[in-house]
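To start, the structure itself, in structure tokens.
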Amino acid sequence: MLADRLHGAALHLMRGIRQADRRLGVGPARLSALSVLLSGPKTLSELAEAEQVSAATISRIGAGLIRTGLARRVPNPSDGRSARLEMTAAGRRLISRGRRARVARLEAAVRQLTPEDRKALASAIDALERAAWEVLKSRRGG
157 MLADRLHGAA LHLMRGIRQA DRRLGVGPAR LSALSVLLSG PKTLSELAEA
207 EQVSAATISR IGAGLIRTGL ARRVPNPSDG RSARLEMTAA GRRLISRGRR
257 ARVARLEAAV RQLTPEDRKA LASAIDALER AAWEVLKSRR GG
């Protein structure tokens, strides 16, 4: 089944390139939560929903991001009783460094492919991006 093969390939690919993240000195849960903050400040509830974790878990992750200077608490303009987490410049640098390392690992793997396979991969990426959009739409209920 095509979807099953895609699932397996995606998992193995991401596990392989995530090895580069170990050099960053930040655990995968914090890196993942930090990446959500790329789109802008989030409340802990929004962050927990995006990461699909409990409030207690995201509180610990958020506290770690703040403690390490990768994120900071900022006022929530729509609710003065709560705050949001916002990525700091240090957090942006870390995310950028991680992305460059993961892309470099992918680039090395792609260079090992034949020209025909690279051309096929380029075409498949277009379809994969459309499939990813469909998954995201269904997750958001639309």
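Using my numbering, the letters of the sequence shown map in sequence onto residues 157 to 298.
Think of the CB as a built atom: it goes at the ideal place given N, C-alpha and C, for glycine as much as any other residue.
Using only alpha-carbon positions, find the residue among 162, 186, 175 and 178 that is nearest to residue 247.
-> Against the sequence shown, residue 247 aligns to sequence position 91. The option with the nearest alpha carbon to residue 247 is 186.
Evaluate residue 240 with the Cβ neighbour count: other Cβ atoms within 10 Å of its Cβ, from every protein chain shown; 16 or more gives buried, anything less gives exposed.
-> Translated into positions along the sequence shown, residue 240 becomes position 84. Answer is buried; the Cβ neighbour count reaches 16.
Length of the line joining the Cα atoms of residue 236 and residue 226 | Numbered from 1 along the sequence shown, position 80 holds the residue referred to as residue 236. Numbered from 1 along the sequence shown, position 70 holds the residue referred to as residue 226. One C-alpha to the other measures close to 23 Å.
Could you tell me how far apart the beta carbons of residue 257 and residue 176 are, in whole angstroms, since I believe they sit closer than 8 Å?
-> Numbered from its first residue, the sequence shown carries residue 257 at position 101. Numbered from its first residue, the sequence shown carries residue 176 at position 20. Residue 257 to residue 176, Cβ: 4 Å. Contact.
What are the boundary residues of the beta strand (DSSP E) that includes residue 176?
-> Counted from its first residue, the sequence shown places residue 176 at position 20. From DSSP, residue 176 is part of no beta strand (DSSP E); its letter is neither H nor E.
Selection from 197, 198 and 253 that minimises the alpha carbon distance to residue 174 = Locating residue 174 in the sequence shown gives position 18, counting from the first residue. Ranking the options by Cα distance to residue 174, first place goes to 253.
Would a C-beta distance cut-off of 8 Å place residue 192 and residue 207 closer than the cut-off?
-> The residue you call residue 192 lines up with position 36 of the sequence shown. The residue you call residue 207 lines up with position 51 of the sequence shown. In contact: residue 192 and residue 207 (Cβ atoms closer than 8 Å).
Is it right to say residue 218 is buried, meaning 16 or more other beta carbons lie within 10 angstroms of its own, or is it exposed?
-> Counting from 1 along the sequence shown, the entry for residue 218 is found at position 62. Its Cβ being crowded by 16 or more others within 10 Å, residue 218 is buried.
Length at least 4, wholly inside the segment 187-267: the alpha helix (DSSP H) runs in chain order = 200-207, 211-223 and 245-267
Anyone know if the C-beta pair for residue 189 and residue 203 falls short of 8 Å?
-> On the sequence shown, position 33 is the one that residue 189 refers to. On the sequence shown, position 47 is the one that residue 203 refers to. Closer than 8 Å, so yes.
Beta-carbon proximity check, residue 222 vs residue 200, cutoff 8 Å | As a first step, residue 222 is located in the sequence shown; it is residue number 66 there, counting from the start. As a first step, residue 200 is located in the sequence shown; it is residue number 44 there, counting from the start. It is not a contact, given that the beta carbons lie outside the stated cut-off.
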